[in-house]
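Below is one structure, written out as structure tokens; comments come after it.
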Amino acid sequence: MGPLMTESTAPVVERFQDKCRYEIRSGEELAGFTAYRDHDGQRIFYHTEIDDTYTGQGLASRLVQQALTDTRESGKRIVPVCPYVAKFLRRHVEFDENVDPVTADVRRWLNCALHDRAGN
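If you're matching positions, the sequence shown starts at 6 in the numbering used here and goes up one per residue.
Written out as structure tokens, the structure reads:
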């Protein structure tokens with residue numbers, strides 16, 4: 006998948022399937038990412054991080070907006086385990102029809118998925 010933004014001077018958001026995350030870059034520099042795992046038609050977002058150098062520039066919002074839009078367009082359901090993604094969704098009701106609740110089963114599966122990957 007190519008960049009989700011085409012303007013060369015704007016920060017660029019791109020999904021890296023092998024890393025299970027969307028990254029936002031400012032020029033050549035990685036400014037931040039939102040990490041996910043896919044499971045049973047759901048994209049479970051569990052962590053978002055912006056480098057301190059780029060805080061206060063609205064990059065986290067831009068990153069999450071584009072990641073959620075891409076997820077919706079791919080037909081996957083959004084599960085907001087990440088507190089930032091959950092907060093973003095409370096303010097952006099346009100995604101409501103595409104959001105599944107965070108359940109104990111989702112948390113259990115995510116914990117196992119993250120543990121398995123770290124152990125390999």
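For every residue, glycine included, the Cβ atom is placed at its ideal position computed from N, Cα and C.
Which of helix, strand or coil DSSP assigns to residue i
i: H97; result: coil
i: T108; result: coil
i: E33; result: coil
i: Q62; result: coil
i: P85; result: strand
i: D43; result: strand
Length of the line joining the Cα atoms of residue i and residue j
i: K92; j: P85; result: 9 Å
i: G145; j: S66; result: No statement about residue 145 is possible, as the shown extent of the chain runs from 6 to 125 and does not include it.
i: L9; j: G61; result: Annotation note: pLDDT 49 at L9 (below 50); position unreliable, no value reported.
i: E99; j: C117; result: 31 Å
Residue i and residue j closer than 8 Å at C-beta
i: L73; j: I29; result: no
i: R20; j: A40; result: no
i: Y59; j: G37; result: yes
i: R53; j: V111; result: Note on residue identity: the sequence assigns Thr, not Arg, to residue 53. In this structure, V111 does not lie closer than 8 Å to T53 by Cβ.
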